[in-house]
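Protein sequence lines, in the order shown, are assigned to chains A and B.
According to this note's numbering, the residues represented by the first sequence are 1 to 124, in order.
According to this note's numbering, the residues represented by the second sequence are 1001 to 1124, in order.
Don't be surprised by glycine CBs; every beta carbon is placed ideally from N, CA and C.
There are 2 protein chains.
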Amino acid sequence: MMNEKQRATSRFLIKQRLFIKLYLLKYIEDGRLYGIQMLEQIRDRFQSEGYKPNHADIYRALHELVDSGVIKASKRKLTEDSYQEILIYYIRDTQKAAIIKEQGIKELKDSAALLKKALDDLED
Amino acid sequence: MMNEKQRATSRFLIKQRLFIKLYLLKYIEDGRLYGIQMLEQIRDRFQSEGYKPNHADIYRALHELVDSGVIKASKRKLTEDSYQEILIYYIRDTQKAAIIKEQGIKELKDSAALLKKALDDLED
DNA sequence: TCATGAACATAGTGTTCATTA
DNA sequence: TAATGAACACTATGTTCATGA
């Protein structure tokens, strides 16, 4: 088991790490993308919001998902005649993936609710 | 001037520090509360969301606002016959306060929009 | 004793460097 | 050379300790 760690007594908004994991799981379920491609997808999606995660964020999230047994990596060649290797990911444990997604969606909703409350309080 | 610091290339959600400053400015404008009271106000407000900032968060935010000339502190006795001293805050620079509020509201809105987008993408 | 504030430790994250084929 | 991964540094934040009247 992973979660011996004590939960923080306070919780503000969803952490970027979890946010990224949610998108990674979605991309991994949908199709065959490697790390940098998933990074580009997220950047494109949030370009207008100015959110531009860096590659270390994506790799750290992928590694945590691999280490916790949620996904697995498979080495491929970028093209047939290419020397460049890439890593394609697959869901390894659907149950664990579902738990992460459920928890993540919950935190997304809680965060949205918290921000809405603040906007009601603070907006002119 | 304060903001020589380079803006981060990436921006995810609003930082807790700024979030707290917005509420502090509101409380300071509205009435005469000291630090711990403002902390309790925020905790009460977000009790149902499970957001429970600690006292260091509030003091750090207050000190930054004082150091940047936005507010000023005034020493008081808790009660007439009390030895306990408290600090009551006042707006010192309305202009600076307005800038912080404006920027904060903007980040609140941006954050809310980002979360909404993610929920649309990720929710079942 | 309680409000304030400082010290300390750690987590999260952005930037830079390294590796591999 | 591009994709991956590691190292490093710094910021944000939570916890604990200290102070003053």
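1) So K21/A packs on L1119/B, CB below 8 angstroms; how close in whole Å?
2) Using CA coordinates, which residue listed in L39/A, Q47/A, Y34/A, L33/A is at the minimum distance from K1117/B?
3) Give, in chain order, every residue of the segment 111-123 of chain A whose Cβ lies closer than 8 angstroms to some Cβ of chain B.
4) Taking the straight line between their C-alpha atoms, what separation do you get for R32/A and L25/A?
5) Give a yes or no on whether the C-beta atoms belonging to I91/A and I71/A are separated by under 7 angstroms.
6) If you follow the beta strand (DSSP E) that I1014/B is in, where does it begin and where does it stop?
7) When burial is assigned at 16 or more other CB atoms within 10 Å of the CB, is Y83/A buried or exposed?
8) I want to verify the contact list: residues of chain B whose CB lies under 7 angstroms from the CB of R11/A, in sequence order.
9) Would you mind sorting A1097/B into buried or exposed? The rule is 16 or more other CB atoms within 10 Å of its CB.
10) Classify I1036/B as buried or exposed, calling it buried when 16 or more other Cβ atoms lie within 10 Å of its own Cβ.
11) Can you list, in chain order, the residues of its chain whose CB lies under 6 angstroms from that of R76/A, leaving out five sequence neighbours each side?
12) Determine the DSSP secondary structure at L76/A, reduced to helix, strand or coil.
Quick look at the numbers:
1) Residue numbering aside, residue 21/A sits at position 21 when the first sequence is read from its first letter. Residue numbering aside, residue 1119/B sits at position 119 when the second sequence is read from its first letter. With 8 angstroms as the limit, K21/A and L1119/B do not qualify as a contact, their Cβ atoms being about 15 angstroms apart.
2) Residue 1117/B sits at position 117 when you count from the first residue of the second sequence. It is Q47/A whose Cα lies nearest to the Cα of K1117/B.
3) So the list reads S111, A112, A113, L114, L115, K116, K117, A118, L119, D121, L122, E123, given in the order they occur along the chain.
4) To locate residue 32/A, count along the first sequence from 1; it is residue 32. To locate residue 25/A, count along the first sequence from 1; it is residue 25. C-alpha separation (whole angstroms): 11 angstroms.
5) Position 91 of the first sequence, counting from 1, holds the residue named residue 91/A. Position 71 of the first sequence, counting from 1, holds the residue named residue 71/A. Yes, Cβ-Cβ distance for I91/A and I71/A is below 7 angstroms.
6) Here residue 1014/B refers to the residue found at position 14 when the second sequence is read from its first residue. Looking at the DSSP string, I1014/B is not in any beta strand (DSSP E), and its letter there is neither H nor E.
7) The residue labelled residue 83/A in the question sits at position 83 within the first sequence. When all chains shown are included, Y83/A counts as exposed.
8) Position 11 of the first sequence, counting from 1, holds the residue named residue 11/A. Within chain B, the residues near R11/A are G1050, Y1051.
9) Sequence index remark: in the second sequence, residue 1097/B carries index 97 (1-based). A1097/B is classed as buried because its beta carbon has at least 16 other beta carbons within 10 Å across all chains shown.
10) On the second sequence, residue 1036/B is found 36 positions in, with the first residue counted as 1. Burial check for I1036/B: the Cβ neighbour count within 10 Å stays below 16, so the residue is exposed.
11) The sequence position of residue 76/A within the first sequence is 76, counting from 1. Excluding sequence neighbours, R76/A sits near I86, I88.
12) Your numbering for residue 76/A matches position 76 in the first sequence. The residue asked about is misnamed: residue 76/A is Arg in this sequence, not Leu. Note: R76/A maps to strand in three-state DSSP.
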